[in-house]
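Here this note's numbering is used: position 292 in the sequence shown is 279, and no number is missing along the way. A virtual CB, placed ideally from N, CA and C, is assigned to each residue, including glycine. From a predicted model like this one, the values you see are computed outputs, not experimental measurements. Everything below concerns the one structure shown next.
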Amino acid sequence: MKTKIIDCTKTIDDEALQQCGKQLRQGEIGIFPTETVYGIGANALDEKAATHIFEAKGRANDNPLIVHVADFDILEQLVEPPSEMEQKLIDAFFPGPFTLILKRKETVPNVVTAGLDTVGIRMPENEIARKLITYANCPICAPSANISSRPSGTKLEDIQEEFDGKVAFMIDGGMTTIGVESTVCKVIDGIPTILRPGKITPQDIEEVVGICKLDSHLFQSATGKVESPGMKYKHYAPNAEALMVYSDVEDTMIQLIKENLRPNTAIIGFQEHQKYFPNQKFYVHGHIHQLEEIMHNIFTLLRQVDREKPDFIIIEGVKKEGLGIAIMNRLIRSVSYRYIEK
Ligand code: AMP
Ligand code: MG
-12 MKTKIIDCTK
-2 TIDDEALQQC
8 GKQLRQGEIG
18 IFPTETVYGI
28 GANALDEKAA
38 THIFEAKGRA
48 NDNPLIVHVA
58 DFDILEQLVE
68 PPSEMEQKLI
78 DAFFPGPFTL
88 ILKRKETVPN
98 VVTAGLDTVG
108 IRMPENEIAR
118 KLITYANCPI
128 CAPSANISSR
138 PSGTKLEDIQ
148 EEFDGKVAFM
158 IDGGMTTIGV
168 ESTVCKVIDG
178 IPTILRPGKI
188 TPQDIEEVVG
198 ICKLDSHLFQ
208 SATGKVESPG
218 MKYKHYAPNA
228 EALMVYSDVE
238 DTMIQLIKEN
248 LRPNTAIIGF
258 QEHQKYFPNQ
268 KFYVHGHIHQ
278 LEEIMHNIFT
288 LLRQVDREKP
298 DFIIIEGVKK
308 EGLGIAIMNR
318 LIRSVSYRYI
328 EK
């Protein structure tokens, strides 16, 4: 298949987006930007098209896809009426980096939900994504556009090779603004529970409905039955072996890096710490306390470091608080749970 590249980095090419929308509706798959990460999308009501996404990514078929919509009216076709609390969450966080797990209707094919009786719904805010879904005139199921287990894509250049020839189109919208995937939330026994942390934090949810809890697997490996099948899988991993270190005390964190250095180590860490490692390859993920900046940079940095082929990677972690919860959830998986905290 010849993959068409659509450049929307400077201006949105409406005519090309209309064409892409039509291709999605007709059963093709394609890559597009959202405010979180790039997605690989298909018509969510077309079982065969959705299957192609699993094949292109090498994704386990028990790991369901999130269904993306551009307007509220379509919800009643896809899901049972939301509870009062679910409706409050929809009103507060749609459109945005937020996925709500709801009871699905039969219209959503089994492949999309991996046989679950629920479906994750998100309404992205990114203008290209919204237009594409509107032009497709159908809901779009879309996981992150990366080969399974690899870091998610926040720039088209990072993922282009992985999918060249496997998708009908790729829309370049520049670097995504947020940088990690949506917050996935499910109301369980009346309590909004975060199954995957993201830009919408537990505090944001508490402000709307007064309560929120974190699933117990966010910082641990999970096996067997879990609320969200994605928790079981290897994720965001660079090619080289990697270790994460964290301490509230900066000197301790620098010491932890020094103690664990090996030949040909790449460090991913804070701007303020670069000066302590003049002889190491050092990649800055952001400034101390600038969590938005770190969130924005982390996936593209993991891919950049990979291209330099180090033998070992040490990553500086952040406090598991606010946006730090989402950052640490991704980093802990990217180092395959090799983590020292002092
Ligand atoms: P991705 O779109 O690849 O970034 O992954 C979507 C995430 O949402 C995965 O971790 C899925 O397991 C999770 N997910 C999607 N649908 C559901 C659902 N119905 N119930 C629980 N988790 C879900
Ligand atoms: Mg993913």
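The set of residues with a C-beta under 7 Å from any non-hydrogen atom of ligand 1 comprises N50, P51, L52, I53, T86, I88, T100, L103, T105, V106, G107, A129, P130, S131, S139, E168, V171, K173, L182, R183, E214, S215, P216, G217, M218, given in chain order. At a Cβ-Cβ threshold of 8 Å, D159 and I(-8) count as neighbours. Distance check between I255 and each of H272, L89, R249 places H272 closest, using alpha-carbon atoms only. Secondary structure remark: continuous beta strand (DSSP E) runs of at least 3 residues inside the segment 219 to 299, in chain order: 228 to 233, 252 to 257, 268 to 273.
Take C(-5), set aside five residues on each side of it, and the residues of its chain with a beta-carbon closer than 7 Å to its own are I115, I158, D159, G160, in chain order.
Proximity to H222 across G26, L87, E149, R317 peaks at R317, based on C-alpha coordinates. Its Cα nearest to that of I285, the residue V322 stands out among L89, N251, V322. In terms of Cβ geometry, D33 and G45 do not form a close pair [threshold 8 Å]. Counting the other Cβ atoms within 10 Å of the Cβ of E22 gives 16 or more, which makes it buried. In the displayed model, H55 falls within a strand according to three-state DSSP. At the C-beta level, Q261 and H274 stay beyond 8 Å of one another.
Beyond the five residues adjoining it in sequence on each side, V99 comes within less than 6 Å, by CB distance, of A31, A37, L52, C128 in the same chain, given in chain order.
About 6 Å separates the beta carbons of E168 and S131, which is inside the 8 Å limit, making them a contact pair. Q10 is classed as buried because its beta carbon has at least 16 other beta carbons within 10 Å across all chains shown. Taking a C-beta distance under 8 Å as the contact criterion, I88 and K173 qualify as a contact pair. Per DSSP, K329 lies in no alpha helix (DSSP H) segment and is marked neither H nor E. Put simply, the backbone Cα of I146 is about 6 Å away from that of N133. Taking all protein chains in view, the Cβ of Y324 is surrounded by fewer than 16 other Cβ atoms within 10 Å, so the residue is classified as exposed. For R294, the number of other beta carbons within 10 angstroms of its own is below 16, and it is reported as exposed.
Under the three-state reduction of DSSP, C7 is assigned to helix. When the five nearest sequence neighbours on each side are left out, no beta carbon in the same chain lies closer than 8 Å to the beta carbon of T(-2).
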